[in-house]
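Colleague: This structure is in structure tokens; I'll ask about it shortly.
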Amino acid sequence: MPIARPKPKDARVIAHVDMDCFYVQAEQRKNPELRGLPTAVVQYNSWKGGALIAVSYEARRFGVKRSMRGDEAKKVCPNIQLIQVPVARGKADLNLYRHAGFEVVSILATKGRCERASIDEVYLDLTDAAKSMLLETPPEVLEAIDEEALKSHILGVTDDITDREGNVREWLCRSDADHEDKLLACGAIIIAQLRTKVLEETKFTCSAGIAHNKMLAKLASAMHKPAQQTVVPSSSVKDLLASLPVKKMKQLGGKLGSSLQTDLEVKTIGDLLQFTEEQLQERYGINTGTWLWNIARGINGEEVEDRLLPKSHGCGKTFPGPQALKTTASVENWLNQLCEELSERIQSDLDQNKRLAHTLTVHAKAFKVNDLDFHKKFPSKSCPLRYGTAKIQEDAMKLFVSGLREFLGSQNIGWGVTSLSVTASKLLDIPHGTSIVRFLQDKNPSTSLACSNVSMEEIFPLHPADQNGKQNEVASEEIGDDNDTLVRDKALCRRGTWTRKPKDKAKCSILNYFQGSNSSSCLTKEALDGSFQDHAPLSSSGNQHHSRVNKIKQQGGPAEANNDTGTHPNQTGQKIDTWNFNIEDIDPSMIDELPLEIQREVQGWLQSPKRANTSKRVSSIESSNSSACMTKQALDGFFKDHAPLSSSGSQNYSGTNKIEQGGPAKANNSTGTHRNQTGQKFDMWTLNIEDIDPSIIDELPSEIQREVQGWLRRHKHANTSKRGSSIVHYFSSAKKS
DNA sequence: ACGGCTGCGACG
DNA sequence: TCGTCGCAG
736 MPIARPKPKD ARVIAHVDMD CFYVQAEQRK NPELRGLPTA VVQYNSWKGG ALIAVSYEAR
796 RFGVKRSMRG DEAKKVCPNI QLIQVPVARG KADLNLYRHA GFEVVSILAT KGRCERASID
856 EVYLDLTDAA KSMLLETPPE VLEAIDEEAL KSHILGVTDD ITDREGNVRE WLCRSDADHE
916 DKLLACGAII IAQLRTKVLE ETKFTCSAGI AHNKMLAKLA SAMHKPAQQT VVPSSSVKDL
976 LASLPVKKMK QLGGKLGSSL QTDLEVKTIG DLLQFTEEQL QERYGINTGT WLWNIARGIN
1036 GEEVEDRLLP KSHGCGKTFP GPQALKTTAS VENWLNQLCE ELSERIQSDL DQNKRLAHTL
1096 TVHAKAFKVN DLDFHKKFPS KSCPLRYGTA KIQEDAMKLF VSGLREFLGS QNIGWGVTSL
1156 SVTASKLLDI PHGTSIVRFL QDKNPSTSLA CSNVSMEEIF PLHPADQNGK QNEVASEEIG
1216 DDNDTLVRDK ALCRRGTWTR KPKDKAKCSI LNYFQGSNSS SCLTKEALDG SFQDHAPLSS
1276 SGNQHHSRVN KIKQQGGPAE ANNDTGTHPN QTGQKIDTWN FNIEDIDPSM IDELPLEIQR
1336 EVQGWLQSPK RANTSKRVSS IESSNSSACM TKQALDGFFK DHAPLSSSGS QNYSGTNKIE
1396 QGGPAKANNS TGTHRNQTGQ KFDMWTLNIE DIDPSIIDEL PSEIQREVQG WLRRHKHANT
1456 SKRGSSIVHY FSSAKKS
């Protein structure tokens, strides 16, 4: 739903850059013989020639449209080149286009604040660049204007004119123009240069709109395509909106736009002018009402966010009609495919951008064969994300089963899943390394490439979802044993963060996945499968474990059997439900009352989300303290326990893991992948404070000594408070009092 | 049998 | 917060 934003006082220069039929261009670059030919990109060629998702301008001239099937396109354009979207793991693979999009973004981001709006669209705030240009080299003193800039369309100025270029030059260089128009002129010149640069460096053409806000820039970029740019001077806005059909405005292409037309009899955006703000608010709510009132006047204060990277990664597939999945085994099979791709993508994100995903979500659409409450939606479920393909697959399946139980209620009937998707979100930057990490890395420069692979298993050995709560109690008892500090430390470490309050426990969405097989009160897997049997039977008897990767070649499924990840024994690990400590929970007024070292740490946390820059909320801040992540070799010789985490029990799950900094960047060449099939290997180690051998401290450089001692001091402080091992816990206690 | 596949933002 | 819904392309 649109929301109103305050209008900035000073005029801004905003551009919207839109790649022309981007997927087609990406394919044409890959295969230059396609250039100039009518071309379309299709996916799933099997049914009626596949669905078109991008159409070249040559093909559009024949009347080929998106949303046509390949067969239809052939009818109106017999020579059309239909290029299939790459397929991997039985589903469309968009990585070619994603990577191409990043190429473009990285060029566009050089001239101002840049927001990646989609795989092929970008917003730019060029205000500063335009102002500088106006001060230093205004268009009126330029001897020559960029050729591409001279091809601009200036709304209200160059609409129907014979000597277009001359008029554009005149408009761009007018010395008596409004200040705001001059800024737009500078923006147009800058964008022309950028578009030329994009073309030179990527071979892609794009179109752009230049205006005073995002809404108008977006409108303008679509007005002259392909490979052109359009400027929207303020003076042209009224006429533009007066004739603009409601549905053409972004956000009004759906139900809201329909409501405007049917309920208010508004045909164009200009027609909205007859309503007062209050009238619009009354019908559509405060935010939307004000937003509508503003856009009718060309007002839109939305900022260009400084964001080049996506906020989430998702993989999904639909199973329409007869392809619907009807057994947990087939669902698991497909979830495994989706999770494999997802795992690869978040691993790349980590390698390339040093970001960790913190939440895994599974979505599905499903129906019940017996149709009684056909409307019931399949619920989405999420949990903390653990890295490693096998982990993600395991958790995704648990989430699905949890959703399925809720979906079915007590009914034991057949069902079908018509779509599945897995999403990784809450992508946060790995906090910047502290000096100890840098020191150790600098000291071992070779480790960045030479370090051995460590399985994610060792880094994130346990997961709340797998833990049963029993050991958690044991850990608490161990804490009480003051005679054995080692046990206590380990217990604290094992504890990770806090135990969840009992009332929340019931809410844990993925509880009792395994109870299905050992508790009569829960539905068993067989029961979940209902009476409906899938076409492809299980190869072995039906009582195999869910996590076992089945080797079914399902009808319509991916050609290759999934790689077997080995057995997933019933994890007997403890269950620790955790909750995160939020930045928002910190009352700034109490910071002054904290011990000095805690103050410093807290202030560091408060700064960290700015780096993350991915969401308004930062779910966890534990990740920025207490321990570090380093290369294996960096750790060797410094710390007593070379098998970190595995036996010392200082595990964390990804939501609260204590990584200080990513491991060395993985070599980005194509000579070899480090991934094996049973789960991704990962060149990163986690170091917990508990793993530090005090006897080695003396050997460290003095500044590192101080840092380590600071950690130990804080750790001890938390211990003696008997409230837990982490600084966060300390803080939590302080907050309550 | 539905365009499929993504991704973002607002709301309760 | 999580989960749902709307919207875009």
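If you count the first sequence from 1, you need to add 735 to reach the numbering used here.
From the three backbone atoms N, C-alpha and C, an ideal C-beta is built for every residue, glycine too.
Can you tell me whether Arg796 is buried or exposed? The criterion is at least 16 other CB atoms within 10 Å of its CB, across all chains shown.
Modeller: If you number the first sequence from 1, residue 796 lands on position 61. Its Cβ having fewer than 16 others within 10 Å, Arg796 is exposed.
Colleague: So for Ala1059, helix, strand or coil by DSSP?
Modeller: One-based indexing of the first sequence puts residue 1059 at position 324. Ala1059: coil per DSSP, three-state reduction.
Colleague: List, from N- to C-terminal side, the alpha helix (DSSP H) runs of 4 residues or more that fit wholly inside the segment 740-788.
Modeller: With a minimum length of 4 residues, the continuous alpha helix (DSSP H) runs that stay inside the segment 740-788 are 757-765.
Colleague: Under 8 Å by Cβ, that's how I've got Gly847 and Ala864 pegged, so tell me the actual separation to the nearest angstrom.
Modeller: Counting from 1 along the first sequence, the entry for residue 847 is found at position 112. Counting from 1 along the first sequence, the entry for residue 864 is found at position 129. With 8 Å as the limit, Gly847 and Ala864 qualify as a contact, their Cβ atoms being about 5 Å apart.
Colleague: Taking the beta carbon of Ile925 as the centre, do at least 16 other beta carbons fall within 10 Å, making it buried, or is it exposed?
Modeller: Position 190 of the first sequence, counted from the start, is the residue given in the question as residue 925. It counts as buried.
Colleague: For the alpha helix (DSSP H) containing Gly798, list its first residue and its last residue.
Modeller: Residue mapping note: residue 798 aligns to position 63 of the first sequence, counting from 1. Segment: none, Gly798 is in no alpha helix (DSSP H) and carries neither H nor E.
Colleague: Using only the alpha-carbon positions, how far apart do Arg1352 and Leu1163 sit?
Modeller: Working through the first sequence from its first residue, we reach residue 1352 at position 617. Working through the first sequence from its first residue, we reach residue 1163 at position 428. Unreliable placement is indicated for Arg1352, whose pLDDT of 26 sits below 50; the coordinate value is still reported in the next sentence. Using only the alpha carbons, I get a separation of about 10 Å.
Colleague: From the DSSP output, in three-state form, read off Thr1023 for me.
Modeller: Numbered from its first residue, the first sequence carries residue 1023 at position 288. Thr1023: helix per DSSP, three-state reduction.
Colleague: Is Lys949 helix, strand or coil by DSSP?
Modeller: Taking the first residue of the first sequence as 1, we reach residue 949 at position 214. It is helical.
Colleague: Consult DSSP for Phe1109 and reduce its assignment to one of helix, strand or coil.
Modeller: Along the first sequence, one-based indexing puts residue 1109 at 374. It is coil, neither helix nor strand.
Colleague: On the three-state DSSP scale, how would you describe Glu856?
Modeller: Counting from one through the first sequence, the residue named residue 856 turns up at place 121. The answer is strand: DSSP assigns Glu856 an E or B state.
Colleague: Could you check where the alpha helix (DSSP H) with Ser969 kicks off and where it finishes?
Modeller: The residue given as residue 969 occupies position 234 in the first sequence. Premise fails: Ser969 is in no alpha helix (DSSP H) and is neither H nor E.
Colleague: Do Ala927 and Gln963 have their C-beta atoms closer together than 8 Å?
Modeller: As a working mapping, residue 927 is identified with position 192 in the first sequence. As a working mapping, residue 963 is identified with position 228 in the first sequence. Their beta carbons are not under 8 Å apart, which means Ala927 does not touch Gln963 by this criterion.
Colleague: On the DSSP letters alone, give me the boundaries of the alpha helix (DSSP H) that Ser993 sits inside.
Modeller: By 1-based counting over the first sequence, the position of residue 993 is 258. Lys990 to Asp998 is the extent of the alpha helix (DSSP H) around Ser993.
Colleague: Under 8 Å between the Cβ atoms of Lys775 and Arg804?
Modeller: The residue you call residue 775 lines up with position 40 of the first sequence. The residue you call residue 804 lines up with position 69 of the first sequence. A quick correction: the sequence has Ala, not Lys, at residue 775. No, Cβ-Cβ distance for Ala775 and Arg804 is not below 8 Å.
Colleague: Looking only at its chain, what residues have a beta carbon closer than 6 Å to the beta carbon of Phe757, apart from the 5 residues adjacent to it on each side?
Modeller: Here residue 757 is taken as the residue at index 22 of the first sequence, counted from 1. If we look at Phe757 and ignore the five residues flanking it on each side, its Cβ neighbours are Asp855.
Colleague: For the 8 Å Cβ check, are there 3 or more pairs between the segment 971-983 and the segment 882-892?
Modeller: The answer is yes - the segment 882-892 touches the segment 971-983, with three or more Cβ pairs under 8 Å.
Colleague: How many whole angstroms separate the CB atoms of Ala1064 and Ser1154, which I take to be in contact at a CB cut-off of 8 Å?
Modeller: Counting from one through the first sequence, the residue named residue 1064 turns up at place 329. Counting from one through the first sequence, the residue named residue 1154 turns up at place 419. The Cβ separation is near 18 Å, so there is no contact.
Colleague: Taking 8 Å as the cut-off, decide whether the C-beta atoms of Leu1044 and Arg909 are in contact.
Modeller: In the first sequence, residue 1044 corresponds to position 309, counting from 1. In the first sequence, residue 909 corresponds to position 174, counting from 1. No.
Colleague: Tell me the rounded alpha-carbon separation between Ser1078 and Thr1062.
Modeller: Position 343 of the first sequence, counted from the start, is the residue given in the question as residue 1078. Position 327 of the first sequence, counted from the start, is the residue given in the question as residue 1062. One C-alpha to the other measures close to 24 Å.
Colleague: Is it buried or exposed, His1093, if we count other Cβ atoms within 10 angstroms and call 16 or more buried?
Modeller: Here residue 1093 refers to the residue found at position 358 when the first sequence is read from its first residue. Classification of His1093: buried, given that the 10 Å Cβ count is 16 or more.
Colleague: Cα separation between Leu979 and Gln763?
Modeller: Translated into the one-based positions of the first sequence, residue 979 becomes position 244. Translated into the one-based positions of the first sequence, residue 763 becomes position 28. Approximately 34 Å between the Cα atoms of the pair.
Colleague: The beta strand (DSSP E) that contains Lys1052, what's its start and end?
Modeller: The residue labelled residue 1052 in the question sits at position 317 within the first sequence. First-last of the beta strand (DSSP E) with Lys1052: His1048 to Thr1053.
Colleague: Write down the C-beta distance between Leu1060 and Val1152 rounded to the nearest angstrom, noting that I regard them as a contact closer than 8 Å.
Modeller: Looking up residue 1060 in the first sequence gives position 325. Looking up residue 1152 in the first sequence gives position 417. With 8 Å as the limit, Leu1060 and Val1152 qualify as a contact, their Cβ atoms being about 4 Å apart.
Colleague: Taking the CB atoms as reference points, tell me whether Leu1073 and Ser1156 lie closer together than 8 Å.
Modeller: Translated into the one-based positions of the first sequence, residue 1073 becomes position 338. Translated into the one-based positions of the first sequence, residue 1156 becomes position 421. Yes.
Colleague: Does the segment 930-940 come close enough to the segment 910-921 to have 3 or more Cβ pairs within less than 8 Å?
Modeller: Taking 8 Å as the limit for Cβ pairs, the verdict is that the segment 910-921 does not touch the segment 930-940.
Colleague: Is Pro737 buried or exposed, if buried means 16 or more other CB atoms sit within 10 Å of its CB?
Modeller: The residue labelled residue 737 in the question sits at position 2 within the first sequence. By the neighbour-count rule (16 or more Cβ atoms within 10 Å), Pro737 is buried.
Colleague: For Leu1085, does the three-state DSSP call read helix, strand or coil?
Modeller: By one-based count along the first sequence, residue 1085 stands at place 350. Three-state DSSP puts Leu1085 in a helix.
Colleague: Could you check what DSSP says for Ile738 in three-state terms: helix, strand or coil?
Modeller: The residue you call residue 738 lines up with position 3 of the first sequence. Note: Ile738 maps to coil in three-state DSSP.
Colleague: Where Glu1067 and Tyr1122 are concerned, what is the direct C-alpha to C-alpha distance, given to the nearest angstrom?
Modeller: Numbered from 1 along the first sequence, position 332 holds the residue referred to as residue 1067. Numbered from 1 along the first sequence, position 387 holds the residue referred to as residue 1122. In a straight line, the C-alpha of Glu1067 is about 18 Å away from that of Tyr1122.
Colleague: At a cut of 8 Å, does the segment 1012-1026 reach the segment 933-949 through at least three beta carbon pairs?
Modeller: No, the segment 1012-1026 does not touch the segment 933-949.
Colleague: At the level of alpha carbons, what is the spacing between Val822 and Cys849?
Modeller: Here residue 822 corresponds to residue number 87 of the first sequence, with the count starting at 1. Here residue 849 corresponds to residue number 114 of the first sequence, with the count starting at 1. Distance between the alpha carbons of Val822 and Cys849: 31 Å.
Colleague: Where DSSP assigns a beta bridge to Leu1155, which residues make up the other side?
Modeller: Stepping through the first sequence from its first residue, residue 1155 is reached at position 420. Per DSSP, Lys1052 and Ala1099.
Colleague: Over the uninterrupted alpha helix (DSSP H) stretch that includes Lys1116, give me the two end residues.
Modeller: The sequence position of residue 1116 within the first sequence is 381, counting from 1. Unbroken run through Lys1116 is the beta strand (DSSP E), Lys1116 to Pro1119; no alpha helix (DSSP H).
Colleague: Which residue marks the beginning of the beta strand (DSSP E) containing Gln1009, and which one marks its end?
Modeller: In the first sequence, counting from the first residue as 1, residue 1009 sits at position 274. That residue, Gln1009, is in no beta strand (DSSP E); it is neither H nor E in DSSP.
Colleague: Whose C-beta lies closer than 6 Å to the C-beta of Ser971 among residues of the same chain, with five residues either side of it excluded?
Modeller: Against the first sequence, residue 971 aligns to sequence position 236. Answer for Ser971: Leu890 and Gly891, listed in chain order.
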